[in-house]
Amino acid sequence: MTEINRRKFLTYVGTGAAALTVASAGLGGLAPKVEAKGRNAANNLFGFNKKVSGLNFKPIEPTDTDDVILPKGFKYEVVAAYGDKINEAGDTFGFNCDFTQYLPINGSNHGLLWVNHEYSSDLFVQGKPAGANGKYTPEQIEQLLYVQGGSIIEVKGDRKGGWKMVTNSKYARRITGLTPFELTGPAKGSQAMENATNVQGTFANCSGGLTLWNTVLSAEENYESTSRAAGLNENHYGWIVEIDPFDPNFKVRKHTALGRFHHENAAMGLTNDGRVAVYMGDDVKDACVYKYISKNKYIESRGKANSDLLEEGTLYVANMKKGEWVAMTIENVRAAIKGKADLEAKFQTQADVLVYADEASILLGGTPTDRPEDVEISPFDKTIFIAHTNNDRHGNFHGHITRFIEDNNDLGSLTFDFEIFAAGGKQSGFSAPDNLTFDSNANLWTVTDISSGSLNKGIHKNFKNNGLFVIPTVAHKNVKEEEVGEAYQFASGPVEAEMTGPSFTPDETTLFLAVQHPGENTRDINNPTSMWPHRKGDTMPRPSVIAITGF
Ligand code: FEO
Ligand code: CA
Ligand code: CA
Ligand code: CA
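Residue numbers (my numbering): 19 to 569.
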């Protein structure tokens, strides 16, 4: 394993003893260029040893304890849990939190935290068992829509590393399945959208990303059950939405140019000529990896007006056999479906291609993959890391992390190569990689999502509860070459939970993490399978965001 990782690493950066020098000399030149453009993560290029996250912990063993277990010297506290009041108006924190993004007000001690809320629970939110199959009342539909979407909360740290939610915040508010959204891009007002230019709400918000202009992108993933329950048009969901947590006057919007599918996340970077590139996965078995490239260039001084870069551009799908990004234009789709009457009827405009992007991508030769979840762009070398979580259709039960290497290290390149960077399984100690985030030492922080029905049994037994792993992607002073590609367990989650949305404060002294669906398999509300976060007087488990300190 060690030897394979080392070989893979050297294949990419060069060979022999000179490899590290090559890496520094060859890629170091990227640093000032990218930094000058203000990419948050890229500011840390080659900032090795400047920050504290790194690998300075003793890895933990897998455990089935009903708690968040951390290495010695680290602690966590709950910042916000389902149902907590977030502001004086009485808005409450939503259910099943996922993506988190810290936005500084004052450095790394005081800021806003955007949190996605992915889905509800009939049992814990509505008080009836899942599958009870009764129709929702209008009040229950309102509740179903309210507990999803996102929360903007204000958080403050004290000098001892403790974090609290500021509940009299002037910023704190909710974005929910009831919030009005505007549409942008080619599908706005189109027939496939029933001519809508504005739509109701966002839900099924899984992971997301930060734009270069410091707004949040949130990804609508498994929208079907909620849109059906609420009688809403399904085509209005499955988009990438944009929110400015600081500014309630920034109209929340859905960018149709980025396509509609089961969006997991959106990772933004810059092409070598200054356009915006957004990488995205469609988290479905046998679904594709996408990239959007804006028509126009990013101009830092335009600030949030750069949002219009997400309105006009080209959506591409990855053909991994050819190593090509295929443009998803109506012309290309029409050429691919020539003579097939039913498809010719379905795909008549660019809007049709975007609304039914998951179908169009396969028609264009996009490669069906093993459930692409989170995607991250390495701040070290601009390679693209994709968590392919698993796909039992192909016997890929443990998943893997794929790494795309764009030609010329250019996110604007239309050709690429790829490698399997790390594979889940007994040999690596992790299974079902999901959300990813980089620290400034180019370590990839990877959470796992073994489904609640598979946890702690069969081939998943030895992994115990879901975890958070650190996988170095580059060797340097604190990371030996043989450690690259190896997974070191940093955290273990509560019973039947998945940990999601890891994100660091800029100084990397705090890691925010969402704990989603603890006790998910509970059938009897009086006898939950998890009671995390074990709050005094509480009678049920609560999805919560935690702050981990001790780095
Ligand atoms: Fe919501 Fe694909 O995880
Ligand atoms: Ca996920
Ligand atoms: Ca991520
Ligand atoms: Ca998942």
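Yeah, the Cβ is synthetic: ideal placement off N, Cα and C, and Gly gets one too.
Own chain partners of residue i with C-beta closer than 7 Å, once the 5 adjacent residues on each side are dropped
{"i": "R18", "result": "The question about residue 18 has no answer, for the chain in this structure spans 19 to 569."}
{"i": "K444", "result": "N480"}
{"i": "I193", "result": "G167, G168, T220, I261, V270"}
{"i": "E362", "result": "I355"}
{"i": "G331", "result": "A275, Y310, I311, S312, K313"}
{"i": "E514", "result": "S470, L473, H535, P536, G537, E538, N539, T547, S548"}
{"i": "E342", "result": "L432, T433"}
{"i": "L327", "result": "V294, S312, N314, Y316"}
Reduced DSSP category for residue i - H, G, I as helix; E, B as strand; rest coil
{"i": "F522", "result": "strand"}
{"i": "Y164", "result": "helix"}
{"i": "F142", "result": "helix"}
{"i": "R352", "result": "helix"}
{"i": "F456", "result": "strand"}
{"i": "N62", "result": "Residue placement at N62 is flagged as unreliable, the pLDDT there being 36, under the threshold of 50; the coordinate-derived value follows with that caveat. Residue state, collapsed to three classes: helix."}
{"i": "E516", "result": "strand"}
{"i": "D326", "result": "helix"}
{"i": "N461", "result": "strand"}
{"i": "R560", "result": "coil"}
{"i": "P89", "result": "coil"}
{"i": "H273", "result": "strand"}
{"i": "A98", "result": "strand"}
{"i": "S225", "result": "strand"}
{"i": "R191", "result": "strand"}
{"i": "R422", "result": "Going by the sequence as given, residue 422 is Phe instead of Arg. In this structure, F422 counts as strand in the three-state DSSP scheme."}
{"i": "K303", "result": "strand"}
{"i": "S431", "result": "coil"}
{"i": "A248", "result": "coil"}
{"i": "S571", "result": "The question about residue 571 has no answer, for the chain in this structure spans 19 to 569."}
{"i": "K315", "result": "strand"}
{"i": "E282", "result": "coil"}
{"i": "A565", "result": "strand"}
{"i": "G287", "result": "strand"}
{"i": "I159", "result": "helix"}
Beta bridge counterpart(s) of residue i as assigned by DSSP
{"i": "Y310", "result": "V296, L333"}
{"i": "Q119", "result": "W132"}
{"i": "N174", "result": "The sequence shown places Lys at residue 174, rather than the Asn named in the question. For K174, which the question treats as bridged, DSSP gives the partners H128, K182."}
{"i": "I104", "result": "I104 is not bridged to any residue."}
{"i": "Y255", "result": "In the DSSP output, where bridge partners are listed per residue, Y255 has none listed."}
{"i": "Q218", "result": "P198"}
{"i": "Q209", "result": "Per DSSP, none; premise fails for Q209."}
{"i": "E342", "result": "N337, T433"}
{"i": "E238", "result": "N223"}
{"i": "E260", "result": "L235, R271"}
{"i": "F448", "result": "G443"}
{"i": "A574", "result": "One cannot answer for residue 574 here, as it falls past the ends of the chain, which runs 19 to 569."}
Neighbourhood of residue i by C-beta distance below 6 Å, restricted to the same chain and skipping five residues each side
{"i": "A405", "result": "E391, D392, I419, P451, D452, L454"}
{"i": "D300", "result": "F279, H280, C306, D376"}
{"i": "D370", "result": "A210"}
{"i": "S562", "result": "V96, A99, V533, P551"}
{"i": "Y255", "result": "E238, Y241, S245"}
{"i": "T528", "result": "A565, T567"}
{"i": "W463", "result": "T455, V488, P520"}
Exposed unless 16 or more other CB atoms sit within 10 angstroms - verdict on residue i
{"i": "T466", "result": "buried"}
{"i": "H412", "result": "exposed"}
{"i": "D84", "result": "buried"}
{"i": "S42", "result": "Its pLDDT being 32, under 50, S42 is placed unreliably by the model, and nothing is read from it."}
{"i": "R177", "result": "exposed"}
{"i": "T274", "result": "buried"}
{"i": "R560", "result": "buried"}
{"i": "N253", "result": "buried"}
{"i": "G145", "result": "exposed"}
{"i": "K400", "result": "buried"}
{"i": "N74", "result": "exposed"}
{"i": "T433", "result": "exposed"}
{"i": "R93", "result": "A small correction: the amino acid at residue 93 is Lys; Arg does not occupy that position in the sequence shown. Looking at its Cβ environment, which holds fewer than 16 other Cβ atoms inside 10 Å, K93 is exposed."}
{"i": "D388", "result": "buried"}
{"i": "G16", "result": "The structure shown does not extend to residue 16, since the chain spans only 19 to 569, so no value can be given for it."}
{"i": "N544", "result": "exposed"}
{"i": "G555", "result": "exposed"}
{"i": "D265", "result": "exposed"}
Own chain residues within Cβ distance below 8 Å of residue i, not counting five before or after
{"i": "N350", "result": "V344, L382"}
{"i": "K339", "result": "T385"}
{"i": "K55", "result": "Unreliable placement is indicated for K55, whose pLDDT of 31 sits below 50; the coordinate value is still reported in the next sentence. Cβ neighbours of K55 beyond the five flanking positions: L230, L288, G292, Y316, E318."}
{"i": "E394", "result": "A285, I402, F403, L454, T455, F456, L462"}
Any C-beta of chain D under 8 Å from that of residue i
{"i": "G108", "result": "Note that chain D does not occur in the displayed structure, where there is just one protein chain."}
Alpha helix (DSSP H) segments (min. 4 residues) lying fully within the segment 367-417
368-373, 375-381
Taking the runs of the beta strand (DSSP E) that are 3 residues or longer, which of them lie wholly in the segment 469-511?
485-490, 506-510
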